[in-house]
Amino acid sequence: MRTLSREQVEKLRKTYPTGCLVELILMDDVQAPPIGTKGRVRG
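Residue numbering for the sequence shown follows my numbering, beginning at 970 and increasing consecutively.
Printed below as a string of structure tokens:
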């Protein structure tokens, strides 16, 4: 797992603000939810 810089985190927060709807496209994890799972950013 890689670590993000403060600048990268701030950019992500601006791109995906609290309440934003997101959809899972790809997750490399054996326990990942199914592709297409949707959810809201909680902050």
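Glycine included, C-beta positions come from ideal geometry on N, C-alpha and C.
Nearest-angstrom Cα separation, counted from residue j out to residue i
i	j	result
Y985	Q1000	24 Å
Q977	V1010	17 Å
K933	L995	In the structure as shown, the chain starts at 970 and stops at 1012, and residue 933 therefore has no counterpart that could be examined.
E979	G988	16 Å
R975	P1002	28 Å
D997	R971	14 Å
Alpha helix (DSSP H) segment containing residue i, residue limits
i	result
R1009	From DSSP, R1009 is part of no alpha helix (DSSP H) but of the beta strand (DSSP E) over K1007 to R1009.
V914	For the chain, the structure presents residues 970 to 1012; residue 914 sits outside this window and is missing.
Boundaries (first-last residue) of the beta strand (DSSP E) holding residue i
i	result
L990	L990 to E992
Same chain only: Cβ atoms within 7 Å of residue i, ignoring 5 sequence neighbours per side
i	result
G1005	E992 and L993
L990	K1007 and R1009
G1012	T987
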